[in-house]
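Line by line, the protein sequences are chains A and B. According to our numbering, the stretch in the first sequence is residues -5 to 109, in order. According to our numbering, the stretch in the second sequence is residues 29 to 137, in order. The beta carbon of each residue, even a glycine, is placed where N, CA and C say it ideally should be. What follows is a single structure, written as structure tokens, with notes after it.
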Amino acid sequence: DTEVTQTPKHLVMGMTNKKSLKCEQHMGHRAMYWYKQKAKKPPELMFVYSYEKLSINESVPSRFSPECPNSSLLNLHLHALQPEDSALYLCASSQLWGINTGELFFGEGSRLTVL
Amino acid sequence: GQQVMQIPQYQHVQEGEDFTTYCNSSTTLSNIQWYKQRPGGHPVFLIQLVKSGEVKKQKRLTFQFGEAKKNSSLHITATQTTDVGTYFCAGPNAGKSTFGDGTTLTVKP
């Protein structure tokens, strides 16, 4: 069982839809991450939040909009996505962030299909 | 930017055979982490190595961190069907954990 909870597990959306992915952790971790993973590829970092502030944005298109309402929650707002954005979106958290980033705890992911 | 390379990309073994995956970074790492992702699953943390030349064991798994802290390996002794999955190394750099391409292990019973 994972201690990082992601909803929904599956999402199908059209290119004009607006949807959100949600992530929650109650381990007291102060860093939270969004990763994108395509089939047979490694996770690719999208965003990092540290102490509820956006610390890293890996040049992600603006159709992806992250939000960290508090230290336990992380959202990813989706708007006007393209079919090539279909992927597994993974949320992760860690106790530490920075030069000594420690173990990442991943959620089970949200599998997104854009039609 | 930092690059983390892993070989081999795929490894097919008979149950009971050994397995090794190798990870090489283009830059010196403060630490290296290993994750396992089962088919259809999510990455799960296995271990973190911090010290130069460090060796750690978890039952049949042996992890090594190179003396220069730029390479690492994972060795599984006597593979079992439960070992199937993709093994990723990850090297944190300036707050970004860069994952290697992974080695996908299949085990024939």
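- Task: Identify every residue that forms a DSSP beta bridge with Leu48/A.
- Result: Tyr43/A, per the DSSP bridge assignment.
- Partner residues on chain B for Pro37/A, Cβ-Cβ distance less than 7 Å: Under the 7 Å cutoff, chain B gives Pro71, Phe127.
- So what's Glu(-3)/A in DSSP terms, helix, strand or just coil? Of the three classes helix, strand and coil, the one that applies to Glu(-3)/A here is coil, per DSSP.
- Message: Tell me which residue opens and which closes the beta strand (DSSP E) that Ala55/A is part of.
- Response: Sequence inspection shows Pro at residue 55/A; the Ala mentioned does not correspond to that position. Counting along the chain, Pro55/A falls outside any beta strand (DSSP E), and DSSP gives it neither H nor E.
- Message: Quick check: is the beta carbon of Gly130/B nearer than 7 Å to any beta carbon in chain A?
- Response: It does; some Cβ of chain A falls within 7 Å.
- Task: Provide the residue span of the beta strand (DSSP E) that contains Ile75/B, from first to last.
- Result: Ile75/B -> beta strand (DSSP E) spans 72 to 77.
- Within this structure, are the beta carbons of Thr132/B and Thr114/B separated by less than 7 Å? Cβ distance < 7 Å, so Thr132/B and Thr114/B count as in contact.
- Query: So, Gly123/B versus Gly92/A, is the Cβ gap smaller than 7 Å?
  - Reply: Contact annotation: Gly123/B and Gly92/A have beta-carbon atoms nearer than 7 Å.
- Message: Quick check on DSSP: helix, strand or coil for Pro36/B?
- Response: If DSSP states are grouped into helix, strand and coil, Pro36/B belongs with coil.
- Query: So what does DSSP say about Pro63/A, is it helix, strand or coil?
  - Reply: Reduced to three states, the DSSP call for Pro63/A is strand.
- Task: Give the interface partners of Leu84/A over in chain B, defined as CB-CB distance under 7 Å, in chain order.
- Result: Chain B residues near Leu84/A: His70.
- Would you call Gln19/A buried or exposed, if buried means 16 or more other Cβ atoms sit within 10 Å of its Cβ? Looking at its Cβ environment, which holds 16 or more other Cβ atoms inside 10 Å, Gln19/A is buried.
- Where Pro120/B falls: helix, strand or coil (DSSP): Pro120/B sits in a strand when the DSSP states are folded into three classes.
- To the nearest whole angstrom, what separates the beta carbons of Leu72/A and Ser14/A, a pair I think is in contact under 8 Å? With 8 Å as the limit, Leu72/A and Ser14/A qualify as a contact, their Cβ atoms being about 7 Å apart.
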